[in-house]
Amino acid sequence: MRNLIIAALGVSALAGCTTPSGQGAALGGGGGAIIGGLAGGGTGALIGAAAGGLLGYGAGRVVEEQDRERAAIALEQNRQYEWQNSAGNRYRVVPGPTHYYSGRECRDFRMYADIEGRPQEVTGTACRRPDGSWEQISG
């Protein structure tokens, strides 16, 4: 059981270096392994890790999708947009001037993020797809 707890804590520590879906999967898997191990030994730990990982991944994917939608609002409206997601991370997207690349409407952008107290800055370019949505092509 001691090895199971050490492994679960190791997975949880790595979660800080991933996307929200990866972090959710790691934390869910680690927590599920501990709970499953306590309830059903080695087999319970495996089942708990799998179930917890899937649930955590799904929750993280929802946060990522919401962040992409909010960034698209900034590009669509061609104005700065700020938000804080349900995980507590803060973002600000600042679109640049419109230009055209291979016949597509594009905008450079700068995204400022504060993720778990660590400031980050990303620059990139997004272009409009034929369906009207925005697709990040660099950054």
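The numbering of the sequence shown is my numbering, which starts it at 84 and goes up by one. Idealized CB from N, CA, C, for every residue including glycine.
Do residue j and residue i come within 7 angstroms of each other at the CB atom, strictly closer than that value?
| i | j | result |
| --- | --- | --- |
| G207 | R190 | no |
| R175 | R211 | no |
| W166 | R151 | no |
| W217 | A157 | no |
| Q203 | A209 | no |
| V177 | R201 | no |
DSSP on residue i, reduced to helix/strand/coil?
| i | result |
| --- | --- |
| E151 | Checking the sequence shown, residue 151 turns out to be Arg, not Glu. Helix. |
| Q163 | coil |
| T101 | Model confidence at T101 stands at a pLDDT of 46, short of 50, so the residue's coordinates are unreliable and nothing is read from them. |
Residue i bridges to which residues according to DSSP?
| i | result |
| --- | --- |
| P178 | F192 |
Check the C-beta distance from residue i over to residue j and give it rounded, since I have them as a contact under 8 angstroms.
| i | j | result |
| --- | --- | --- |
| N172 | Q149 | 11 angstroms between Cβ atoms; not a contact. |
Output yes if chain E places a C-beta closer than 7 angstroms to the C-beta of residue i; else output no.
| i | result |
| --- | --- |
| Q219 | Judged by its chain identifiers, the structure shown contains no chain E, having just a single protein chain. |
Problem set entry | Uninterrupted beta strand (DSSP E) stretches inside the stretch 193-221 (no shorter than 3 residues) | Complete beta strand (DSSP E) runs here, min 3: 201-211 and 217-221.
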